[in-house]
Each structure stands twice: as C-alpha cells, then as structure tokens.
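Here numbering that gives the first Met the number 0 is used: the first residue of the sequence shown is 0, the next is one more, and so on.
Input: a single structure, listed below in structure tokens.
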Amino acid sequence: MKLVPTIGEMKALSSSWRKDGETIGFVPTMGYLHEGHLSLVRESVKQCSKTVVSIFVNPTQFGPGEDFERYPRDTERDLGLLEPLGVDAVFIPEVKEFYPEGYQTYVEVTEITNRLCGLSRPGHFRGVTTVCCKLFNIVSPHKAFFGKKDFQQFTVLKRMVDDLAMDLEIVPMPIVREPDGLAMSSRNTYLSPKEREAALCLSKSLKEAQRLFSSGERDANKIREAVKKIIESEPLAEIDYVSVCDPYSFDEVDKVERGTLVALAVKIGPARLIDNTQLGVDEI
Ligand code: PAF
Numbered sequence: 000m001k002l003v004p005t006i007g008e009m010k011a012l013s014s015s016w017r018k019d020g021e022t023i024g025f026v027p028t029m030g031y032l033h034e035g036h037l038s039l040v041r042e043s044v045k046q047c048s049k050t051v052v053s054i055f056v057n058p059t060q061f062g063p064g065e066d067f068e069r070y071p072r073d074t075e076r077d078l079g080l081l082e083p084l085g086v087d088a089v090f091i092p093e094v095k096e097f098y099p100e101g102y103q104t105y106v107e108v109t110e111i112t113n114r115l116c117g118l119s120r121p122g123h124f125r126g127v128t129t130v131c132c133k134l135f136n137i138v139s140p141h142k143a144f145f146g147k148k149d150f151q152q153f154t155v156l157k158r159m160v161d162d163l164a165m166d167l168e169i170v171p172m173p174i175v176r177e178p179d180g181l182a183m184s185s186r187n188t189y190l191s192p193k194e195r196e197a198a199l200c201l202s203k204s205l206k207e208a209q210r211l212f213s214s215g216e217r218d219a220n221k222i223r224e225a226v227k228k229i230i231e232s233e234p235l236a237e238i239d240y241v242s243v244c245d246p247y248s249f250d251e252v253d254k255v256e257r258g259t260l261v262a263l264a265v266k267i268g269p270a271r272l273i274d275n276t277q278l279g280v281d282e283i
C-alpha cells in the first residue's frame, strides 16, 4: 500500500495505471474510518483492479462554528485498517497544496443543495462538490464509492458528474449500522454513553416509518408526525429537520410511495447526526 502525499505523485500513479489498462476504484474519506468506510473499500477492491482511498478533512465543507478543528483524526489507525483490505494507494494531501494561496475555483450544484442539510449548512455542498471534483481530476477513477447515510451528498455528486459529463460512475452503497441500529459515523465519537443511547431515537423513528409504510400508510404527514414524535420523546434530541420527500428533488411529498425518502438531522449533545431510509426499499 503506497502513501501518496502530493497531487503530482497521485496523478502520475493514476495515469500509469490507466496506461496499463487498470480499473481505478476510489473511496474519498475524511479519515477516522469505521466499518461504513471499510464496506466501500471492500466493494471497490472487489469491482476494480486498483483502489485508492483519500484521507482529507476538507475545510471548505465546514461552516463557521462547525467542527472542522475538532473533527477526529488518526491517520496511523486508518492506515492500519486499510492495509489488510488490499488498498493500493492512500492519497493524503495537505490543505496548503490542495487549496493554495489564491485558490478561487468552486463547483456548485444548485436547487437540490437548497434542501435538507443544505438549509442548515449553507455552503457545505459547495465544499463537497469542489473537493470531490478536484479529487476526481487528480485520482482519475473509473468508479467512486459513497455511502447512502449521506444520501443527499451521493445525489448531489451524481448530479455533478452527470451535468458535467465527467467520465466516472458514482456507486451508492448501503448504510452500515451498529447492531443496535445506530448508523455508523465518525461523529458518533462525540457522544457520551448517555447521548449514544439517546441517538438510537433516529433509527427507531425510521423503523417506525417503515412499519407504518408496510402496514399500508400512505399519508406523508402521518409518517412525518410519527417520526417526529419518537425523536421529540427523547429529551437529549433536538430536531434540525424531519423530511418525507422525493429522493431525487428532495421536495416534500403529500403521499408516499415505494422509494420515498425519510431523512433526518438531529442534534444530540455536541453531535449533529443524520440518517435516512427509503420506504419499502431499505431494511433497518
Ligand atoms: O463524506 C465525506 O466523508 C466527505 O464529505 C467527502 C465525500 C470525503 C468529501 O470531503
């Protein structure tokens, strides 16, 4: 497993692989890896002849007052987790090379970024699309793998790749959960044991949404209210949003159907957690 610290070295490696006819799979991460990330890496290793993982805590996707400084970082531990999986290269660029002085180019997907997380985190998706566009240019992957816990992120990136006719496939992968249902996230490390317990209200509420749907409920408002009720009954939880929406436009719907997205953002103590499920599609 090669450690690649500079943009030039990463580009040279990818272009030599491409010349040799290799298929490059890419898993962009901000590090502090968990089983969710590792499931993406395993899939890339399965589908592609070379796999690159990037570790880069991207400053442009954090707003003022957000957790950029305290975002958990442990590169040694991350490398130890990646090595046995058959990863070929880990790209670890430095902020000062990635965004040098004078940097002024950004990529923006409009409309679908003005919903859900885009409303409470202005500028977040502009940072995500910018960093991913630049990473895609550097790594030159055939496929890039993203977890559906960040459902809106995956949709926004797919939109960017389609709209800009970028030559790669965005591969969505299922949410990985702890045995008790909590969706895996690097931000779970912010939770105290009490908050960790309280955080289960997210997956419990989504499970209830699935139960209502499978028992025939089609009124979006009834599902929205049932989800809210479960979260509001948890004293440590503060709802940012509960959305029952179309999974492409993220517009709220009145009637649900198979595939309708139920998406949540909830503050539990110091952590803002997100989770989602597609009705009649996902298992929780
Ligand atoms: O999902 C993440 O960890 C980040 O948003 C990503 C895709 C690595 C871009 O910084």
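We put the beta carbon where it would ideally sit given N, CA and C, even for glycine.
Note that this is a predicted model, so its numbers are computed, not measured.
query                                                                                                                                                                                 : result
Helix, strand or coil, according to DSSP, for P58 in the structure here?                                                                                                              : helix
What are the partner residues of G268, as DSSP defines its beta bridges?                                                                                                              : None; G268 has no bridge partner.
How about Y247 and A264: are their beta carbons less than 8 Å apart?                                                                                                                  : no
Ends of the alpha helix (DSSP H) at V241?                                                                                                                                             : Premise fails: V241 lies in the beta strand (DSSP E), A236 to C244, not in any alpha helix (DSSP H).
Rounded to whole angstroms, what is the Cα-Cα separation between V280 and D250?                                                                                                       : 19 Å
Let's test the definition: count the other Cβ atoms within 10 Å of the Cβ of A143 and tell me whether it reaches 16, buried, or not, exposed.                                         : buried
Give a yes or no on whether the C-beta atoms belonging to M9 and Y70 are separated by under 8 Å.                                                                                      : no
Compute the Euclidean distance between the alpha carbons of V56 and G215, then round it to the nearest angstrom.                                                                      : 43 Å
How many angstroms separate the CA atom of C132 from the CA atom of E224?                                                                                                             : 38 Å
Looking at the strands, I want to know which residues DSSP matches up with F97.                                                                                                       : DSSP lists no partner for F97.
If you count every other CB in all the chains shown that lies within 10 Å of the CB of S139, and 16 or more means buried, which is it?                                                : buried
Taking DSSP as the reference, what is the three-state secondary structure of T259?                                                                                                    : coil
So is V94 buried or exposed if we call it buried at 16+ other beta carbons inside 10 Å?                                                                                               : exposed
In three-state DSSP terms, what is P171?                                                                                                                                              : strand
Heavy atom of the ligand PAF less than 7 Å from the Cβ of T28, yes or no?                                                                                                             : yes
For my contact list, M172 and T128 are in at a C-beta cut-off of 8 Å; report their separation, rounded to the angstrom.                                                               : M172 to T128, Cβ: 19 Å. No contact.
Please classify G64: is it buried, with 16 or more other beta-carbons within 10 angstroms of its beta-carbon, or exposed?                                                             : exposed
Between the stretch 14–33 and the stretch 97–105, can you find at least three pairs of beta-carbon atoms closer than 8 Å?                                                             : no
If you reduce the DSSP assignment to three classes, tell me which class V106 lands in.                                                                                                : coil
Would the beta-carbon of D149 be found less than 7 Å away from any heavy atom of the ligand PAF?                                                                                      : yes
Give every residue of the same chain whose Cβ lies closer than 8 Å to the Cβ of I283, excluding the five residues on either side of it in the sequence, and list them in chain order. : R176, G180, S202, L205, K206, Q209 and T276
How far does the alpha helix (DSSP H) with F249 in it reach, from first residue to last?                                                                                              : Per DSSP, F249 belongs to no alpha helix (DSSP H) and is neither H nor E.
Going straight from the alpha carbon of I6 to that of D166, what length do you get?                                                                                                   : 19 Å
Report the rounded CA-to-CA distance for P92 versus R186, giving the unit in angstroms.                                                                                               : 22 Å
Beta-carbon within less than 8 Å of D73's beta-carbon, same chain only, minus the 5 sequence neighbours each way: which residues are those?                                           : G30 and Y31
Can you tell me the Cβ-Cβ gap for L84 and V40, rounded? I've got them flagged as a contact below 8 Å.                                                                                 : 5 Å
Helix, strand or coil: how does DSSP classify R114 here?                                                                                                                              : coil
Output needed for F150: all residues of its chain with C-beta closer than 6 Å, excluding positions within five of it in sequence on either side, in chain order.                      : N275
How big is the Cα-Cα spacing for D218 and D253?                                                                                                                                       : 6 Å
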